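A.B. asks:
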Amino acid sequence: MTLRSPSTPDRRAGAAARRRDRERGILEATRRLLDERGAQDVQIDDVAREAGLNKALIYRHFSGKDELFALVIVSYVDDFLDQVAALPDDGSATDRLTAFAETFLEFCLEYPAFVESAMSMLRQPGTELLERVSEGAMLQMGRAVASALHRPIELLDEGDAAGEFPVADPDYTANAMYVQILGLAHLARVGNAVRELPDGMPWFFPVRTDQVRASVRALVRAALAPAEAGDPRRQP
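Numbering (UniProt numbering), first residue to last: 1 to 236.
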C-alpha cells in the first residue's frame with residue numbers, strides 16, 4: 001500500500017485552518033486579559049504569555065495592540081447584541097430607545113475594558129488608525145459598531161415616522177448617543193468629578209452610578225426633543 005502525502009490544496013487548507021485557530025486563540029487571550037486588568041494594563045508581551053505563544057507570532061498575525069483591541073471590540077459587540085436581541089419589541093419607540101440606552105450603559109459598566117478600548121479607537125482619527133490597524137480589521141470593527149447602532153437608528157426612524165418625536169438625522173443622533181454613553185460609563189468607572197471652589201481651587205466629588213443612570217435617561221429625552229435652529233441634529 002502506497003501512502004501519499006496531502007495534496008497542495010489540502011496542505012493550504014490545513015495551514016489556513018491552523019492560522020484561524022491561532023488568531024482566535026490570540027483574540028480570546030486578549031479578551032481575557034482585558035476583562036481581568038483593563039486596557040491600560042495589557043501589553044503584547046502579556047497577550048503572548050496568556051496565549052502560550054512567542055511574541056513574534058503575535059506580530060505575524062496582528063500589527064500590534066491597537067489592532068488587537070479593534071478586533072476584540074467585535075467580540076464585545078457580539079455579546080452586547082445578544083442582550084439587545086432579548087429586549088422587548090412592544091411599547092413606544094421612546095420606551096424601547098430608553099431600554100436600549102440603559103442596556104448599553106449596563107453592558108459598559110459590566111465590561112469597562114470595552115469602554116476603554118472603544119474610547120481609545122475614538123480618540124484617533126481614522127487616517128492615524130489605519131497606520132497601525134489593517135484595513136481588514138478596521139472594516140470588521142466598523143461593521144460591528146454599525147450593527148450595534150442599527151437598533152437605535154431603526155427606533156429613531158420609527159418614532160419620527162409615527163410623529164412620536166422629531167429626528168432630522170437618526171444616524172448622527174445614534175452616533176452621538178453612543179459616544180455620550182461611553183463617556184458617562186467612563187465617568188461612573190472613575191467615580192469622581194470636579195468643580196471649582198470659590199478660591200479657584202479644584203474640588204473632587206464622588207459620582208454615583210445611579211446619577212449616571214439618570215443622566216442616560218435624560219440624554220435620551222434630550223436627543224428626542226425638537227431641534228432648534230443651529231442644533232447639529234438638524235440637517236443642512
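By construction, the Cβ of each residue, glycine as well, lies at the ideal position given by its N, Cα and C atoms.
These figures come from a predicted structure and were not determined experimentally.
So, with DSSP's three-state summary, where would you put N54?
C.D. replies: Note: N54 maps to coil in three-state DSSP.
A.B. asks: The alpha helix (DSSP H) that contains R143, what's its start and end?
C.D. replies: That run of the alpha helix (DSSP H) goes E135 to A161.
A.B. asks: Which residue from K65, R18 and R22 puts its Cα closest to that of V34?
C.D. replies: Position check: residue 34 holds Leu in this sequence, whereas Val was assumed. Ranking the options by Cα distance to L34, first place goes to K65.
A.B. asks: Can you tell me whether DSSP reads P170 as helix, strand or coil?
C.D. replies: Of the three classes helix, strand and coil, the one that applies to P170 here is helix, per DSSP.
A.B. asks: From what residue to what residue does the alpha helix (DSSP H) around A118 run?
C.D. replies: Unbroken alpha helix (DSSP H) run through A118: P112 to L122.
A.B. asks: Roughly how many whole angstroms lie between the Cα atoms of D160 and A223?
C.D. replies: Cα-Cα distance, rounded: 12 angstroms.
A.B. asks: Would the beta-carbon of L149 fall within 7 angstroms of that of A174?
C.D. replies: Result yes, Cβ atoms of L149 and A174 sit closer than 7 angstroms.
A.B. asks: Ordered along the chain, which non-local residues of its own chain (more than five positions away) have a Cβ less than 6 angstroms from that of R96?
C.D. replies: Contacts found: L155.
A.B. asks: Drop a sphere of 10 angstroms on the beta-carbon of T30, count the other beta-carbons inside from all chains shown, and report buried for 16 or more, exposed for fewer.
C.D. replies: Under this definition T30 is a buried residue.
A.B. asks: With a cut-off of 8 angstroms on the beta carbons, I'd call A185 and L105 a contact; round off their distance for me.
C.D. replies: That belief holds up - the Cβ atoms of A185 and L105 are roughly 6 angstroms apart, short of 8 angstroms.
A.B. asks: For a quick check, are the C-beta atoms of E110 and H61 less than 7 angstroms apart?
C.D. replies: Not a contact, by the Cβ cut-off of 7 angstroms.
A.B. asks: Output the boundary residues of the alpha helix (DSSP H) element that contains V194.
C.D. replies: Unbroken run through V194 is the beta strand (DSSP E), N192 to E196; no alpha helix (DSSP H).
A.B. asks: Pull up the DSSP beta-bridge partners for residue 247, would you.
C.D. replies: Any property of residue 247 remains undetermined from this structure, which presents the chain solely from 1 to 236.
A.B. asks: If you drop the 5 nearest sequence neighbours on each side, which residues of the same chain put their C-beta closer than 7 angstroms to that of S75?
C.D. replies: Here the set comprises L27 and R31.
A.B. asks: Rounded to whole angstroms, what is the Cα-Cα separation between V190 and F204?
C.D. replies: Distance between the alpha carbons of V190 and F204: 11 angstroms.
A.B. asks: Would you call L130 buried or exposed, if buried means 16 or more other Cβ atoms sit within 10 Å of its Cβ?
C.D. replies: It counts as exposed.
A.B. asks: Suppose contacts are defined by Cβ-Cβ distances below 7 angstroms. Is A101 in contact with L87 by that definition?
C.D. replies: Cβ atoms of A101 and L87: not closer than 7 angstroms.
A.B. asks: Can you find a C-beta in chain C that's less than 7 angstroms from the C-beta of F69?
C.D. replies: Protein chain content of the structure displayed is limited to a single chain, and chain C is not contained in it.
A.B. asks: Please state whether the Cβ-Cβ distance between V133 and A48 is less than 7 angstroms.
C.D. replies: For V133 and A48, no; Cβs fall outside 7 angstroms.
A.B. asks: Go to D78, then tell me how far its alpha helix (DSSP H) extends in each direction, as first and last residue.
C.D. replies: Start and end: K65 to A85.
A.B. asks: Do A39 and E164 have their C-beta atoms closer together than 7 angstroms?
C.D. replies: No, the Cβ-Cβ distance between A39 and E164 is not below 7 angstroms.
A.B. asks: Can you find the residues in the same chain that come closer than 7 angstroms, C-beta to C-beta, to A229, ignoring five residues on each side of it along the sequence?
C.D. replies: Because the pLDDT at A229 is just 46, under 50, the model does not fix this residue reliably, and the point stays unresolved.
A.B. asks: Classify A229 as helix, strand or coil using the three-state DSSP reduction.
C.D. replies: Interpretation of A229 is limited by its pLDDT of 46, a score under 50 that renders its predicted location unreliable; the figure taken from the coordinates is listed afterwards. The answer is coil: DSSP assigns A229 none of H, G, I, E or B.
A.B. asks: Are the Cβ atoms of L219 and M119 separated by less than 7 angstroms?
C.D. replies: Not closer than 7 angstroms, so no.
A.B. asks: DSSP state of R221, grouped into three classes?
C.D. replies: Residue state, collapsed to three classes: helix.
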